[in-house]
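See structure below.
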Amino acid sequence: MIEFENVAYSYGGGELLSDISVKLAPGSFHFLTGPSGSGKTTLMKLCYGALLPTAGHVTLFGNDVRSLDRDDIAMVRRRVGVVHQDCQFLNHLSVAENIGLPLTVSGRHAETGGDDLLELLSWVGLSNRADALPPELSGGERQRAALARAVIMSPDVVLADEPTGNVDWEMSQRLLKLLVELNRMGKTVLIATHDLGLIRATKAQVQARVLRIANRRIQLAGADL
Amino acid sequence: MLKTALSALWKGDRQADRVVPPSGFTAQLTLFVAATMAFLAVFALALSLASGRLATIWGQELARTATIRVVAPVDQRAAQTAAALRILETTKGVASARALTDSEQQSLLAPWFGPELAIDALPVPRLIEIIEDKTGMDPEGLRLRLAAEVPGAVLDNHNRWRAPLVKAASRLKLLGWISTLLITATMAAMVTLAANAALSANAQVIAVLRLVGATDGYIAQAFIRRFTLRALTGSAAGMVLGMLAILLLPSTDDAGGFLTGLGFQGWHWLVPLLIPFLAGAVAFAATGAAARRTLKELA
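Protein sequences, first through last, are from chains C and V.
With the numbering used here applied, the first sequence corresponds to residues 423 to 647, in that order.
With the numbering used here applied, the second sequence corresponds to residues 9 to 307, in that order.
The following block contains the structure:
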């Protein structure tokens, strides 16, 4: 699905990531961890074409990311659901419309009227907030709305960057449970987090691998985590 | 590409319109600018078309007339006039020639001397009006013959004062077209500025749309449609107001025709109707270019 081959990325100055080779197989569940500023978000962005590697090759669904034009990247993003730590919405549209936005922009607006959207809203526990505007949501509600928006297109891959960064423990457990459910439905999941407690709690529920960024490189962390 | 963009523009997509937040005040500014520019464009067009018409009239109709003044002592005047008329009868290119009567000359001079003037008592030259046919006459040849046989006759083929008038009118026409071009360019510049402002004001919206898989074309369309429709409606309103203003100009008469001839005649009334479409096309192109430029820089 997503494959990194000797990938390096540098922001002008020195290299932030070097010699990264990793492969996200279909249906796998990965955590990405490491200290703040170690490049977790950068690595996530490389996964959906928001950044291009400065060296090496990133392959998304079988295509080298450098060979994709802007419209191809848009198509990739319809197959990759992304949840950011500070999730952004269209503040003038309701929560339900925001969650249906990926359908709208890909010419499938008619489907937002169907049961799928209602089902998804109840799955993330936002049925009673469907008509609210995004600025009226709490941190946890925003994260769940972002997750619902990320999965409405039934993507092959779900990328979540610190999805539990702004929420309390109980809420982070709920979010994680949703991500685990997605994985059981066959989605590839990659979660960036520095919360080791969360990783431990998850490992009981699903076969998860932990990738740790240290010294600009990726290491497969031991099972003792 | 252009065809699909145009058909999308025509059909519209209510959802695509909704993804970009409504912008109250700047929308009105774009409307206002489009209306103003269309209003000015109506006048620039009227100026071009009217001065073009004037140049044609002066160039063609006046070119086919000439005057002979017979300056002679009163007792010889009639004889010399008759001699000049005889020469004109045999001159190639002259369609008709006739001497003005005393009463005609008196009415010509009346504005200066008053109607009471006894014209017979004065050595007023006799005027002969010549109308040329399509081939035109040779003024130099006629002058030579007149000089030999009618020493008191002076030919004036109006060239002296006609040429600078035609030149001035042609220059006015050029200025009118340049103004129209400048107005179009200004309109494009204003729409580009407004579109750029709207694109940067909506940077976050665009980022969200890109993240959820919207193509550049989809995002650009929402902006293009908005600005094109604004330019179209604004300039249609401005065009109508401009045409009304032209219609309400004081009607022309013979005396004031030079000055108040500004306006449209015949099919020229249809020309301003193109203004809104031109404005719409300008806005369409300007917004499209601005959107492509901005979007290319985003992830």
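Glycine included, every Cβ here is placed at the ideal spot set by N, Cα and C.
The structure displayed is predicted, hence computed values, not measured ones.
In the DSSP annotation of this structure, the continuous segment of the beta strand (DSSP E) that includes N428 of chain C starts and ends at 424 to 432. For L446 of chain C and N485 of chain C, the gap between their C-alpha atoms comes out near 14 Å. Of the candidates V:L306, V:L281, V:R234, V:R234 places its Cα closest to the Cα of P30 of chain V. Measuring C-alpha to C-alpha distances from E425 of chain C to each of C:I442, C:A630, C:I521 identifies C:I442 as the nearest. Interface residue (Cβ-Cβ distance to chain V less than 7 Å): Q565 of chain C is not classified as such. The alpha-carbon separation between T143 of chain V and L48 of chain V amounts to approximately 42 Å.
Counting along the chain, E541 of chain C sits inside the alpha helix (DSSP H) bounded by residues 537 to 545. Note on geometry: alpha-carbon atoms of L555 of chain C and E437 of chain C lie some 40 Å from one another. Going by beta carbons, W185 of chain V and S104 of chain V fall outside the 7 Å limit.
Near chain C, meaning a CB-to-CB distance below 9 Å, the residues of the region 202 to 231 of chain V are Q212, V213, A215, V216, L217, R218, L219, V220, G221, A222, T223, D224, G225, Y226, I227.
Between the alpha carbons of E533 of chain C and A570 of chain C lies a gap of roughly 15 Å.
Against V27 of chain V, the close residues of chain C are L512, L515, L523, T526, V527, in the order they occur along the chain (beta-carbon pairs closer than 8 Å). Distance between D146 of chain V and A92 of chain V, taken at the CA atoms: about 15 Å. Annotated three-state conformation of N165 of chain V is coil, per DSSP. Counting every other CB atom within 10 Å of its CB across the protein chains shown gives R564 of chain C a total of 16 or more, marking it as buried. Per DSSP, the unbroken alpha helix (DSSP H) holding A211 of chain V starts and ends at 211 to 219. Within chain V, the residues placing a beta-carbon under 8 Å from that of R492 of chain C are T223, D224, L303, K304, ordered along the chain.
Listed in chain order, the non-local C-beta contacts of A228 of chain V below 7 Å within the same chain comprise G296, A299, R300, L303, local neighbours out to five positions each way being set aside. As the crow flies, the alpha-carbon of A253 of chain V is around 47 Å from that of A126 of chain V.
Interface annotation, R606 of chain C: not in contact with chain V, CB-CB separation never under 7 Å.
By the Cβ test, the region 95 to 103 of chain V is in contact with the region 129 to 144 of chain V, since at least three Cβ pairs between them sit closer than 8 Å.
With distances taken between CA atoms, L548 of chain C lies nearest to C:S516 out of C:G535, C:S576, C:S516, C:D578. A check of alpha carbon separations from G478 of chain C across C:S432, C:D493, C:L612, C:D508 identifies C:S432 as the nearest. DSSP places H479 of chain C in the strand class (E or B) of the three-state scheme. The alpha-carbon of W591 of chain C is positioned some 10 Å away from that of G562 of chain C.
The beta strand (DSSP E) runs lying completely inside the region 178 to 244 of chain V and spanning 3 residues or more number zero. Proximity of V444 of chain C to chain V, defined by a Cβ-Cβ separation below 7 Å, is not satisfied.
For A472 of chain C, the secondary structure class from DSSP, reduced to helix, strand or coil, is coil.
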